[in-house]
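Q: Got a structure here, written out as structure tokens. Questions coming.
In the working numbering, the protein residues as written are 26 to 194.
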């Protein structure tokens, strides 16, 4: 199936879905509303004409000046049809609870660590994730280092104050 036909196919399977396919530098990006992203990803994986059976990567981008502050990007591969597709959704900061999306670790087990990294670095929660905790920073680390509002020099976090610089042996 041609990537340009994907929005029409999804709209037929998910009535009321508003999505768009954007082409840039030879890469296709499907922009999907956050409320429907898991439904769309499930169809992209399960439909026999699409078969995006591999989640290659999952990441986020912070745009602090926008109302929908975060883009969450899923990079999919169809090994059956030798195709790639990026799926992008936008979410708001979410107030005190923080931004959230449903987990896709039940669709692709490879999403497990990518979702944990997005949680650790951006503070994006993935509801239903089996083990959503920090993966790179200590559990008691404060803040989200890949948010563009994070101080460039970091913060004097007590989690790292106990470590002392040493001379090489």
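The beta carbon of each residue, even a glycine, is placed where N, CA and C say it ideally should be.
Can you give me the Cβ contacts of residue 135 inside the same chain, cut-off strictly under 7 Å, excluding the 5 residues immediately before and after it?
A: 80
Q: Give me the Cα-Cα distance between residue 166 and residue 105, rounded to the nearest whole angstrom.
A: 42 Å
Q: Between the beta-carbon of residue 123 and the beta-carbon of residue 148, is there less than 8 Å?
A: yes
Q: Between 70, 88, 151, which lies nearest to residue 133 when the distance is taken from Cα to Cα?
A: 70
Q: Does the distance from the C-beta atom of residue 62 to that of residue 157 stay below 8 Å?
A: no
Q: Quick one: Cα of residue 102 to Cα of residue 192, how far?
A: 46 Å
Q: So what does DSSP say about residue 56, is it helix, strand or coil?
A: Residue state, collapsed to three classes: strand.
Q: Do the segment 47-62 and the segment 111-120 meet, that is, are 3 or more Cβ pairs less than 8 Å apart?
A: yes
Q: Could you tell me the alpha carbon to alpha carbon distance between residue 27 and residue 49, rounded to whole angstroms?
A: 16 Å
Q: Are residue 139 and residue 84 closer than 8 Å when you measure CB to CB?
A: yes
Q: Let me know the secondary structure DSSP gives residue 141 once reduced to three states.
A: Residue 141 falls in the helix class under three-state DSSP.
Q: By how many angstroms is the C-alpha of residue 99 removed from the C-alpha of residue 88?
A: 17 Å
Q: Taking residue 72 as the reference, which of 51, 44, 38 has the closest Cα?
A: 38
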